[in-house]
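Q:
Numbering (full-length UniProt numbering), first residue to last: 1 to 83.
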């Protein structure tokens with residue numbers, strides 16, 4: 001079974017990746033990956049790119065006609081704790 005850390009690292013490395021690509025990479029069911037991806041969204045690590053006509057994102061997911069879900073890594077900020 002694929003772990004949350006493995007999925008996080010795959011999205012971080014790819015920068016932009018589809019659910020189909022993740023499913024093939026980990027030989028895992030999309031339903032399980034969706035649970036892990038939703039957790040990463042809640043943590044602010046990734047964003048789900050929705051297909052729309054006026055998308056200004058750089059992933060180019062809107063340029064395809066597929067209904068595959070695309071995810072984008074978005075956590076590049078450095079957290080500095082106030083001490």
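By construction, the Cβ of each residue, glycine as well, lies at the ideal position given by its N, Cα and C atoms. Computed from a predicted model, the values in this text were never measured in an experiment.
So, with DSSP's three-state summary, where would you put residue 43?
A: Sequence index remark: in the chain shown, residue 43 carries index 43 (1-based). In the structure shown, residue 43 sits in coil (DSSP, three-state: anything other than H, G, I, E or B).
Q: How long is the line joining the alpha carbons of residue 23 and residue 33, rounded to whole angstroms?
A: Residue numbering aside, residue 23 sits at position 23 when the chain shown is read from its first letter. Residue numbering aside, residue 33 sits at position 33 when the chain shown is read from its first letter. If you take the alpha carbons of residue 23 and residue 33, they lie about 7 Å apart.
Q: Residues in the same chain with beta-carbon distance under 8 Å from residue 44, minus the five sequence neighbours each way, listed in chain order, please.
A: Position 44 of the chain shown, counted from the first residue, corresponds to residue 44. These residues qualify, in order along the chain: 74, 75.
Q: Please report the residue range of the beta strand (DSSP E) in which residue 17 lies.
A: In the chain shown, counting from the first residue as 1, residue 17 sits at position 17. Start and end: 16–18.
Q: Using alpha carbons as the reference points, say which of 39, 17, 28 lies closest to residue 68.
A: Position 68 of the chain shown, counting from 1, holds the residue named residue 68. For residue 68, the nearest C-alpha among the options comes from 17.
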